[in-house]
Every structure is written in structure tokens, then in C-alpha cells.
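Note that our numbering has the first sequence beginning at 6, numbered continuously upward.
Ideal Cβ placement from N, Cα and C applies to all residues, glycine included.
As C-alpha cells, the structure follows; a few thoughts come after it.
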Amino acid sequence: MSMNERYEPQSIEPRWQKRWTEAGTFAAGRHPDAEERYVLEMFPYPSGAMHMGHARVYTIGDALARYLRMRGYDVLHPIGFDALGLPAENAAIKDGKHPAVRTRENIVSFREEMKSLGYSFDWEREIVTSDPEYYRWNQWFFLKMLEKGIAYRREGKANWCTGCLTVIANEQVLEDDGERTCERCSSAVVEKSIPEWAFRITAYADSLLAGLGQLTAWPDRVTTMQRNWIGRSEGAEVDFLVAGTAEKIKVFTTRLDTIFGSTYAVLAPEHPLVSKITRPERLAEVRAFTERMRTTEAAARTGEGAPKEGVSTGAEAVNPFSGERIPVWIANFVLAEYGTGAVMSVPAHDQRDFDFARKYGLPIRVVVQPEAGDRLPPGDRLESAVTADGILVDSGPYSGLASAEARRKMGADAKAKGFGGATARWHLRDWGFSRQRYWGTPIPIIYCDEHGAVPVPYDLLPVKLPEQAIITGTGEPPLAKVPEFVNTTCPKCRKPARRETETMDTFVDSAWYYARYLSPRDEKQPFDPVLAKRWLPIDVYVGGPEHAVMHLLYFRFWNRVMKELGLVPVEEPCQRLVTQGIVNGADGRKMSKRWGNVVAPGPMVKRYGADTVRLFMLFAAPPEKDIDWSDEQVDGMHRFLSRVWRIFHAREETFRADPTALARVEGPFLELRRRTHRAIKKVTEGLQDDLKFNTGIAALMELLNELYALEPKTDSERAATREALLALAMLLSPFAPHVAEELWHEVNASAARDLLLADQPWPSFDPSLVAADTVTIAVQVNGKLRGEVKAAAEAGEAEVRGLAEAEDKVRAHMAGKTLRKVVFVPRRLINFVVG
RNA sequence: GGCCCUCUGGCGAAACGGUAAACGCGCUCGACUCAAAAUCGAGUGGGGCAACCCCCCGUCCCGGUUCGAGUCCGGGGAGGGCCACCA
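Right, dumping it as C-alpha cells:
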């Protein structure tokens, strides 16, 4: 049988895709006794067709999954669709196509494109989150969390997106220069008083923070962002008695050491004490102020540029450390929802307090002096607040202490005396997850006049989304307009009742989908905990860094809840995270219709073949870097694969060479063997440690170049060539699996008819061939390269020195100078230090 | 304002503290061809020089550690990200 001379991916790729599917090559659980690996890429939201970003994530994950399978692991590499969500609904408002229909169509096209790219997914495990059999478990989790008090109904100010016409979570609000916009649709986000459902993620703040410490195989960038987002700040709470009353103002401060410098206290306008403690003569002004604040946007009120404004309540608070009476104000910049909604103001040591004090003529008192340098002038002559730690002054018994020490001591004393103590606060807020939209998971609650909010009993799940959708985008929950959905009976009293018409945030779907893959058709439980014990946590998770503080925080939270429910064995859902860079257009700008620089994977696969597209994704740069699409580079990848194809054709006569002849190989073909084994080492390391696919592929190119340079004439030379070809095919298979499979079968024609390369063990290298026996050693004089000498790899200093000193150039540069030192690095270099 | 990341040929990128620029793209030249494409081969950081002998310069800038720094340390610049009146 003679090979086709031309590389025609279109004719070979579908054939192997079919063979892999028929053989069940990618089914997880094929090797129950083998060690397991779970490789996961973030599942796509199927809006429209697949784009290059998708092609990149799945190619990265797939290369890894294919490699691990060949390494003998039982690999779980599943895929599904994050099908519920706003874009499908917004599109429906535009053109009237039902989200379910649109989503189904998009999934079909995604599935086809993914298959045409040859991804080794275990398609039997595919999940679609809009399937009631999936989202019923969202509801199930919700009920469990309701029982445990993790899910709750709250009343208060929520973020309302004026574009999506729904409440969105804190994490989904983008803030830029005081402008608050929606991360999905970029519309303005305003505050709206609305009751909503929330998850008590703040109860896990400490655990989520502590867990970051174990995530050593996550990019620092992501753990840092999560750390900032969770935003733990250490401090203390202290009670200030309101003079002449029994009321206490509890303040939170991170600078307890400055408390003797506190010259006034400030409450948030919404603080419950405001109405109680305001003096009658101040009432009118305070009410006017509170009312104005109530109707002002948070951004306008507390944004960076907003001027500091406040009014005095006329009341006085008593500093529990000094007994001093200080005035109590209310001001716009104090937030009711952070800390205790009240602060002690220390204008000398806090810039915000300083500005406020200056504006309203409040006293400024220095109580911390710098440890070194000039002493600060009295407060009234300070030009700005001095916020650094230092040594306490005018602070009663604490004077003379360093700030850190003072904080410890004062915190302990406050606790001992019962008026406070050390504590911590978080930036993280609870996760408000109810959405006033249609295309989401219905929240399984029934409102009864008699029994209030009643959870839907477990055996009545799922509460299905009605097919009939009245999607108008007017902000009222669409489900409220579907009487057949709304009207029901109370599970307790059987009297007429109404269903909750809000749906869940789609981040709920993605918070636990990785576990559903374990037993995707399970009808009794969200997934099988026994399987979770085997497969979780995820070994490698690949996805975009834009999810650093949304999905990736939520799923860490959810996994903790699942652990408490006894469903998963570990707290952290994922060992290692790979955040891949963006695929930009050829012009370096983000791909966008606006720039006309969009390139879609589908047409590229048709034109070049999947293997070329995959190779481009992997060769352009390491996974975490952004890359620009480049037609020239893609041509280059295609040229490489064509060259690979042709060298197999040109060396057909070596396919039946006798491997035992390898022992006799010498000269350039021994060098070829060395390169073969070095390539195995290089590619393996690239897949194993750093995911440096690009350098691995470069090693294959070098091997290929060497094959072109050598024409085998003897049996032993043919054997060495065959060895190189075989290695080339195998090493190429995680990256360009189709062409690799085809060529591997060519070399192994008879033996491998019923086998698949995707199932073969990964090649190993011979260490004795990896190490060179002669090496080129750099010769330096005073650290500058002056020549090089060839020597045996094991040559010692004396031998190399002799060779080096014989070099004319080296002699010229050392002439007339005294040799002071010789640095010898075996196999690498020798450096003569002269002077 | 705080925290973090990045900076290397014309371009994408390589480089355990040890010969900077592997590999690919682009470009130049040659072979094949009537010609072109494709393919194969050679060259390709800058400067000096008759010389592809050799010399000098070269990884954003300045300084340091070291026999030796793209890599480590200190300071600065530019670009990017996250957080931010958070007490």
C-alpha cells in the first residue's frame, strides 16, 4: 500500500473521529484500577457560534487529556453547555425566538464544531443546564441550603441593571470612576430596594480565604484577586456610650491605636441610632440630610469624586478609653452595610477624616508620632493626615507604645473591660442570586397567605420553567405573567397560593456542574458521592481569567457546602487552574464585528483542517498569554504538518526496518537517535510541568528538520529513521491527533490495524541517549565569550583548560595578564579570570 | 491611593544564574521551472572592517550582588489588570 502523497486533512480527520467514537476511546472509567485524572475546561455559554477563544481553551485541555490518557491514567474529560442565561433571553426580546429553541440550535452547532476539532470529550456525559433534570438539582441544593440557613430572603438595596432589568450580584457590577455598569450588558447599574434571595457566602469568608493558601497551583493573579475581593481587614470593635442615654455606638476600626486622637464619631445616615439620639434642635436638619441621602445613588454619594458632606446630630459619644466626650455626626461617606455603619474619626491619621474635619472645623489631634524623623506639628498645623504606624503619644497608659503593639494591647483591654475587642471584617458580601428574568432556574418557593414562604417539597422537584414565556424585558419577572405557573396550592394547607416568580442567577448552574459529570443521568441525587471520592477534586481546570472573582469564587463556595452535605471529600474543588489568554484579531485588537477582524474556527477547520488550527493555538505562545490570530503563522503550521506528511512518504521504505539494527547505529544517525530521545524528553516535560506546548512542538520541528537532512542507506540507518518517525507521530498526537493517528498507522500497517494511537502508551526516552557524549564548551575570559571547544561530556577541568588555552583568541585576550581564577562548569563553560 | 502582572530581533517567541534570540513567521539569495506557485537548500540583531578573520554594542532605564545577570536585589519608566471615601 502506498501512501497518499498529499496531506489532505479533510479526508482523514472525520475518519479518525469516527474510529475514536466507535471504540469509546475517550470514555472515563475504562481503567478502574488505574490512577485517575480529571481534566476540565470551563463549559461554554452557547450564544451564537463557537469562537476562537473556545477553540483555544478546549485545545489546551484536550492536549493535556490526550497526553494523560496515553500515560495510562483513567481520564475524565467531559463537556456540557451552560445553557441558561440572559443573552438568550435578550435575543428573544429582539427577534421573538424562544430561548429554548435558540439554545438548542446553538448547542447543535457547538457540538458539531467541537467534534470537528477532534476534542477527546466523553460525550456520553454531556450535560445541558437548561434541562430540568439538571436544574432540578439547583433547586434541590437551594432547599438544602435554605434548611441550613445558607440561603435566605433579605430586604434591602440591591444592584439593579437597567439593561438586563434584573438584580445582579456584587461581583457582576463593574465600577469605573464611580460609574457602575453591568458586566454582561454594560448598562448602568442602580440601587433598588427590593427583596431578594441570597446565599450566605460571607459565612465562608474565612475558609475561602484560608483555602487560597493551599491553591499553590493556581495563578497568583487569581488568588490575589480573590484575596482582595474577600478583603479581610483586621481590626477591632469598640462601643462608644451615647452621653446621657443607655445607647451604644459600636464602631469598627483598623486603627485602634489612634483612638485617643478621635475627635468625633460618624454614623451612616441609615444607622438605626440616628433617629434615637439626634437632639431635638438638630432634628430638622438631620432628617433633611437623611432623606437626601436615601434618594442619592450609592455611586454619587460615596464615589471617589463625591464631596464629603455631613451634619451634626448634637449628641455626644464617650470614648471608652479616655472618657472624653466627642460630637456625633452623620455623613454621606459612611456606609451602613460595611463594618458597623459607624466610625470613630481620627482626622490626624486618616485622610478622609482629615478632609471632613477641615471642612466642618472639627479638632485635629496628633496621637502617633513617626518612629524616625521630625515630629509632627500640632493637629491644626498639619497639611494632611499621617497614616503610617509610629509611636503613640498623648494616649494615656498606651503612650510610648508602637502602633502594632498598642493595637494588640488595646484590643485585649477592650475585651477585658467588656466594651469591645479584636475582630475582622470582609469586603465580600452575600451572594444575591434572584433574577427577575425568565431563562433561569425557578426558585422552588410557594407563597401562601397563611404560611408565608413555603419550600417546595423535594418530591415535587423539579419546578419546571413553563414553556410559554412572555418575555418583554420590562423588569417585572416574566414568570409572574404566566398564571398556570404562578397559581398553585400551598404544600402545607392546600389552599391557593402563588409560586416564586424569580429565577436563579446562572452562576448557580456553573457552581457545581463539574460534579454532575460524575453521574450525569443520576435521578436520585445531584451526583454519586462515591464517584466524587474517586474523581474529585478536578486535577486541571482550564478557563479564562475573567472568572477570577465570579465563577471561581462561587464554585469554591459551593464545593464547601457540598462537603458539609457529605457529597464531596474535599473543600477545594480544583487543584490546578490554568487561565488561558485571549485570541485577538490579526490586528492585535479584540475580535469584534466592529473591527472586521473576526475569524471563526469552523471555516478555518474546513480550510486547514483541525490539526492545523489546534497546532496554531498551542504553538503561538504559552497558554496564559494573549495571542493574535495570524494567517501566516497558521500557514506555517499547515506547512509543518505537510512536511511531516511528506517525510513519512519519502521514508516509506523504513517502515519495515528491523528495530534490532538500532544497536549498530553510528555517526549522524546516532545523532538522529539522540535527537529523537531528546524530543521525547522535551515534549514530555512540556506537557507534564509547565504546559509549555510551544517548546515541545518546536522540538518536534527540530526533529523533523533533522529527518529531512538525512537519507538512510543501511539497515541500521533505516531503523533509526523509523524510530524517529514513530516518535514523531506519537509525540504529535496530543496536539494534532488526526494526522498523528494516520501516520502512526502507516508505519505500523499490519500490527496496528485494530489499535489506536490514542490508546498507546506514551513513549519513553533512553537517558543514555539524551545525554550527549561530546559537548561544546564555551570559553570565557573575564566573563566574555572568546571561543568554544569540543570535549567529551565527562571531561574534567584540566582537560578542558588545556584545550581552551590552546585557542588563539583565548591566548590573545589573556596575553600579558595574570590569571587570578578559573571557573569551570562541567559540560558548559570555562571562565578565565585575569587582571 | 493600595495590591499584582508584563517589557528580549521586523513579528510570535526560546533561554537550570553559564555561548541571548532555539522553533515558527516575514524577508533575501540559490536550486527546480519556459515562467510562476509549491517544494528543497542557504542566509537573516545593530555597528565597525577589504574580510560571513576579528572587534565593539545589544534583553525598557539607572545602580548593586556575582568569575559571569534577560534571569537575583534596590530604585525609576512605560503598558496592562484587580481593588478602592471599606473605616
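Local conformation of residue i per DSSP, three classes
{"i": "A390", "result": "coil"}
{"i": "L179", "result": "strand"}
{"i": "V801", "result": "The sequence given here places Gly at residue 801; Val does not occur at that position. Here G801 sits in coil by DSSP."}
{"i": "S317", "result": "strand"}
{"i": "A668", "result": "helix"}
{"i": "Y559", "result": "helix"}
{"i": "S125", "result": "coil"}
{"i": "L623", "result": "helix"}
{"i": "G240", "result": "strand"}
{"i": "I155", "result": "coil"}
{"i": "M349", "result": "strand"}
{"i": "G607", "result": "helix"}
{"i": "N836", "result": "strand"}
{"i": "R297", "result": "helix"}
{"i": "S7", "result": "Model confidence at S7 stands at a pLDDT of 49, short of 50, so the residue's coordinates are unreliable and nothing is read from them."}
{"i": "Q638", "result": "helix"}
{"i": "W334", "result": "strand"}
{"i": "E13", "result": "coil"}
{"i": "T584", "result": "strand"}
Expected contact under 8 Å - CB spacing of residue i and residue j to nearest Å
{"i": "I206", "j": "L397", "result": "Wrong, their Cβ atoms sit about 38 Å apart, outside the cutoff."}
{"i": "V333", "j": "T318", "result": "5 Å"}
{"i": "L73", "j": "R42", "result": "5 Å"}
{"i": "M415", "j": "L261", "result": "5 Å"}
{"i": "H159", "j": "P200", "result": "The sequence given here places Arg at residue 159; His does not occur at that position. The pair is a contact, with the Cβ atoms about 7 Å apart (cut-off 8 Å)."}
{"i": "L705", "j": "L733", "result": "6 Å"}
{"i": "V243", "j": "V348", "result": "Their Cβ separation, rounded to whole angstroms, is 11 Å, which puts V243 and V348 out of contact at 8 Å."}
{"i": "D764", "j": "T30", "result": "6 Å"}
{"i": "P766", "j": "G34", "result": "The pair is not a contact, with the Cβ atoms about 19 Å apart (cut-off 8 Å)."}
Cβ neighbours of residue i in the same chain (closer than 6 Å, five flanking residues each side left out)
{"i": "L367", "result": "T268 and Y269"}
{"i": "P83", "result": "D127, R130 and Y522"}
{"i": "Y559", "result": "F512 and A516"}
{"i": "R237", "result": "L214, A429 and W431"}
{"i": "V371", "result": "A353, L381 and G384"}
{"i": "R723", "result": "T659, A662 and P717"}
{"i": "N111", "result": "P51"}
{"i": "R24", "result": "none"}
{"i": "D418", "result": "none"}
{"i": "R683", "result": "V775"}
Those residues which DSSP pairs with residue i across a bridge
{"i": "I84", "result": "None; I84 has no bridge partner."}
{"i": "M509", "result": "S439"}
{"i": "P447", "result": "T508"}
{"i": "A776", "result": "Its beta-bridge partners do not exist; DSSP assigns none."}
{"i": "G425", "result": "V243"}
{"i": "W145", "result": "None; W145 has no bridge partner."}
{"i": "E201", "result": "R159"}
{"i": "F257", "result": "E242"}
{"i": "T171", "result": "C166"}
{"i": "Q219", "result": "Q219 pairs with nothing; no bridge assigned."}
{"i": "L112", "result": "According to the sequence displayed, residue 112 carries Ile and not Leu. I112 is not bridged to any residue."}
{"i": "A783", "result": "E793 and L834"}
{"i": "V575", "result": "Bridge partners of V575: none, in fact."}
{"i": "V828", "result": "N836"}
{"i": "P501", "result": "T494"}
Neighbourhood of residue i by C-beta, 8 Å cutoff - its chain only, sequence neighbours within 5 removed
{"i": "M6", "result": "Unreliable positioning characterises M6 in this predicted model, as indicated by a pLDDT of 39, which lies under 50. A coordinate reading is not provided."}
{"i": "H552", "result": "M47"}
{"i": "G401", "result": "F265, F326 and S327"}
Beta-carbon contacts of residue i that lie in its chain and below 7 Å, excluding the five residues immediately before and after
{"i": "T259", "result": "S238, E239 and G240"}
{"i": "A537", "result": "A520, L523, L572, V573 and P574"}
{"i": "K364", "result": "K313"}
{"i": "Q15", "result": "G614"}
Entirely within the segment 711 to 769 and at least 4 residues each: give me those alpha helix (DSSP H) ranges in chain order. 720 to 737 and 742 to 752
Scan the segment 336 to 382 and note each continuous alpha helix (DSSP H) run of 4 residues or more that stays entirely inside, going in chain order. 356 to 365
What ranges does the beta strand (DSSP E) occupy inside the segment 511 to 561, keeping only unbroken runs of at least 3 residues that lie completely in it? 543 to 548
Length at least 4, wholly inside the segment 451 to 497: the alpha helix (DSSP H) runs in chain order: Annotation note: the segment 451 to 497 contains the following uninterrupted alpha helix (DSSP H) runs of length 4 or greater, listed N- to C-terminal: 488 to 491.
What are the start and end residues of each continuous beta strand (DSSP E) run of 3 or more residues lying completely inside the segment 20 to 92, in chain order? The segment 20 to 92 contains these whole beta strand (DSSP E) runs: 41 to 46 and 79 to 81.
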